[in-house]
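Residue numbers (this note's numbering): 1057 to 1380.
All C-beta atoms, glycine included, are put in the ideal place defined by N, C-alpha and C.
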Amino acid sequence: MKTTKTTDRRGFILSSLFFFCCLCVLASINEVRFDTLLKLGRCTPLNDNQILSFKTNSSTSSSSSTNDDDNNKNDIRILIGILTLPDQYQKRHFLRLIYGTQSTPGATIDVKFVFCNLTKEDQKVLVALEIMRYDDIIILNCRENMNKGKTYTYFSSLPEMLNDTNKPYPPYHYVMKADDDTYFRLESLVESLKPAPREDLYYGYVIPCPSMDPFRNYMSGMGYLVSWDLAEWIRESEIPRNHVEGPEDKIFGDWIREGHRAKNRVNAKWSMYNFPEPRTGCTHELWPDTIAVHLLKNQEKWIRTLKYFNVTDNLKPSKLYHIP
1057 MKTTKTTDRR GFILSSLFFF CCLCVLASIN EVRFDTLLKL GRCTPLNDNQ ILSFKTNSST
1117 SSSSSTNDDD NNKNDIRILI GILTLPDQYQ KRHFLRLIYG TQSTPGATID VKFVFCNLTK
1177 EDQKVLVALE IMRYDDIIIL NCRENMNKGK TYTYFSSLPE MLNDTNKPYP PYHYVMKADD
1237 DTYFRLESLV ESLKPAPRED LYYGYVIPCP SMDPFRNYMS GMGYLVSWDL AEWIRESEIP
1297 RNHVEGPEDK IFGDWIREGH RAKNRVNAKW SMYNFPEPRT GCTHELWPDT IAVHLLKNQE
1357 KWIRTLKYFN VTDNLKPSKL YHIP
């Protein structure tokens, strides 16, 4: 009996050692194969698609982790010039609230108030204080007017004012003329421009109201936008210089047509529209898919519009105030 048990024990030990040795051999073989595959993988050339994918991912990783300036270079830069009058102090302060509380990820947007030369002593003091505090005013060298060249002076003055060899070119990808009774939702504006070309572009609300063809007639004066190259063309061309008087938005459309410009056009209708009251062919109800609402001629219309879009939802709670 003892002999049998001793023999069984030895057999078990030998079997276990053999099994363990087999495992070691298999592990060594797999390690060799794995190393070989790694070496082969390093030597295998990438195809074009793989190279492109690698470069894109590498670039994205590098810019996001080490160079925020590179990201900023890809941001859309927009100048919104709100044409208004020097004496409209309260309206400017109100619009600073409207635009100063909006965030625009993926874009840098500057909102400036645009008017002609100051003519009163109080304007010279009060506007100078605004500039010192907010630095958001452009004073053009012109006599105040609506349809006798102010829009031309605005666009044609921008290249000389803003081109700077020490700053990125162009200073803005897009420049806009806007009315002071138009509410722009800046994030929606940016999203609509992301797929748009950055050259030879004309963007806005097509007139007449029933038309959806941006190559017909012109964009409404509530707010239209062009790429920077068109602002430079306006400065250099005789076409706008010799044709400045008349309804400013229509005249602007005439320049574009006569100069054979703006092969790229974006009709933002019906995300841009007039306030729903009084109802006309250019209006509809307020709705979420909105870029701009025009003809906000009084505070009641502004408040109704701002409440609809829940603009105060991000108000932080505080012990300092209670707003039901």
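Point to revise | beta strand (DSSP E) runs contained entirely in the stretch 1312 to 1337, provided each spans 3 or more residues | key: Counting whole runs of 3 or more residues, the stretch 1312 to 1337 contains the beta strand (DSSP E) stretches 1320 to 1323, 1328 to 1330.
Review point. Which word fits Met1217, buried or exposed, when buried means at least 16 other C-beta atoms lie within 10 angstroms of its C-beta?
Key: Exposed, by the Cβ-count rule.
**Study point:** According to DSSP, residues forming a beta bridge with Glu1301
**Key:** For Glu1301, the pairing in a beta bridge is given by DSSP as Lys1204.
**Study point:** Glu1294 versus His1229 - alpha carbon distance
**Key:** Between Glu1294 and His1229, the alpha-carbon positions lie close to 23 Å from each other.
Practice item. Identify, in the order they occur along the chain, each residue of the same chain with its Cβ nearer than 8 Å to the Cβ of Lys1204, setting aside the five sequence neighbours on each side. Key: Within the same chain, Lys1204 has close Cβ partners Val1300, Glu1301.
Practice item. With DSSP collapsed to three states, give me the class of Lys1147. Key: Secondary structure of Lys1147 (DSSP, three-state): helix.
Check your understanding: Going by Cα to Cα distance, which pick from Leu1245, Ile1195, Thr1175 is closest to Ile1165?
Key -> Comparing Cα positions, the closest option is Leu1245.
Exercise for review: Report all residues from its chain with a CB closer than 7 Å to the CB of Ala1163; omit the five preceding and five following residues, and keep chain order.
Suggested key: The answer, listed in chain order, is Asp1131, Ile1132, Ile1134, Val1246.
Review point. Under a Cβ-count criterion, where at least 16 other Cβ atoms within 10 Å of its own Cβ denotes burial, should His1378 be classed as buried or exposed?
Key: The residue in question, His1378, is exposed, as its Cβ has fewer than 16 Cβ neighbours within 10 Å.
Point to revise | For Ile1134, the residue or residues it bridges with in DSSP | key: In DSSP, Ile1134 forms a bridge with Ile1165, Tyr1230.
Practice item. Report yes if the CB atom of Ile1347 is closer than 8 Å to the CB atom of Arg1241, and no otherwise. Key: Yes, these two residues count as a Cβ contact at 8 Å.
**Study point:** Exposure of Asn1354, with buried meaning 16 or more beta-carbon neighbours within 10 Å
**Key:** Result: exposed.
Review point. What does a CB cutoff of less than 8 Å around Tyr1210 pick up in its chain, not counting 5 residues either side in sequence?
Key: These residues qualify, in order along the chain: Gly1137, Leu1139, Val1170, Ile1194, Leu1196, Lys1233.
Review point. From Tyr1155 to Ser1213, what does the alpha carbon distance come to, in whole angstroms?
Key: Tyr1155 and Ser1213 have their alpha carbons spaced roughly 24 Å apart.
Practice item. Compute the Euclidean distance between the alpha carbons of Asp1345 and Leu1362, then round it to the nearest angstrom. Key: One C-alpha to the other measures close to 14 Å.
Exercise for review: Jot down the residue ranges of each uninterrupted alpha helix (DSSP H) in the stretch 1332 to 1367, minimum 4 residues, whole runs only, in chain order.
Suggested key: With a minimum length of 4 residues, the unbroken runs of alpha helix (DSSP H) contained wholly in the stretch 1332 to 1367 fall at 1355 to 1364.
Review point. Out of Tyr1225, Asn1323, Arg1272, Tyr1239, which has the shortest C-alpha to C-alpha gap to Ala1252?
Key: Comparing alpha carbon positions, the residue from Tyr1225, Asn1323, Arg1272, Tyr1239 closest to Ala1252 is Asn1323.
Check your understanding: Would Asp1237 be called buried (16 or more neighbouring beta carbons within 10 Å of its own) or exposed?
Key -> Counting of Cβ neighbours within 10 angstroms places Asp1237 among the buried residues, the total reaching 16 or more.
Point to revise | Coil, strand or helix - Asp1308 by DSSP | key: The sequence as given places Phe at residue 1308; Asp does not occur at that position. Reduced to three states, the DSSP call for Phe1308 is helix.
Exercise for review: Let me know the secondary structure DSSP gives Ile1295 once reduced to three states.
Suggested key: In this structure, Ile1295 counts as helix in the three-state DSSP scheme.
Exercise for review: Check whether the stretch 1302 to 1310 touches the stretch 1319 to 1338, counting contact only when three or more Cβ pairs, one atom from each stretch, lie closer than 8 Å.
Suggested key: Contact fails: fewer than three Cβ-Cβ distances are below 8 Å.
Point to revise | Beta bridge counterpart(s) of Ser1212 as assigned by DSSP | key: None, per the DSSP bridge assignment.
**Study point:** Element boundaries [beta strand (DSSP E), containing Ile1195]
**Key:** Per DSSP, Ile1195 belongs to the beta strand (DSSP E) from 1193 to 1195.
Exercise for review: Starting from the C-beta of Pro1332, find all residues in its chain whose C-beta is less than 6 Å away, skip the five residues before and the five after it, and write them out in chain order.
Suggested key: Thr1339, Glu1341, listed in sequence order.
**Study point:** Classification of Asp1091 by the beta-carbon crowding that lies within 10 angstroms, buried from 16 upward
**Key:** Note that Asp1091 scores a pLDDT of 45, beneath 50, so its modelled location is shaky; the value from the coordinates is reported in the next line. The residue in question, Asp1091, is exposed, as its Cβ has fewer than 16 Cβ neighbours within 10 Å.
Review point. If you run the structure through DSSP and keep just helix, strand and coil, what is Ile1290?
Key: In this structure, Ile1290 counts as helix in the three-state DSSP scheme.
Point to revise | C-alpha gap between Asp1178 and Lys1168, whole angstroms | key: Pairing Asp1178 with Lys1168, the inter-Cα distance amounts to about 21 Å.
Point to revise | Val1181 classed as buried or exposed, judged by whether at least 16 other C-beta atoms fall within 10 angstroms | key: The C-beta of Val1181 has fewer than 16 other C-beta atoms within 10 Å across all chains shown, which makes the residue exposed.
Review point. DSSP state of Pro1380, grouped into three classes?
Key: If DSSP states are grouped into helix, strand and coil, Pro1380 belongs with coil.
Check your understanding: For Pro1142 versus Leu1185, is the C-beta distance shorter than 8 Å?
Key -> Cβ atoms of Pro1142 and Leu1185: not closer than 8 Å.
Check your understanding: Relative to the alpha-carbon of His1350, which residue among Arg1297, Pro1215, Tyr1261, Lys1223 has its alpha-carbon at the smallest distance?
Key -> Nearest option by C-alpha distance: Tyr1261.
Check your understanding: Leaving out the 5 sequence neighbours to the left and right, which residues in its chain are closer than 8 Å to Phe1271 when beta-carbon positions are compared?
Key -> For Phe1271, where only same-chain residues beyond five positions count, the Cβ hits under 8 Å are Arg1321.
Check your understanding: CB Arg1317 to CB Leu1286, shorter than 8 Å?
Key -> Against a cut-off of 8 Å, the Cβ pair of Leu1286 and Arg1317 comes out as a contact.
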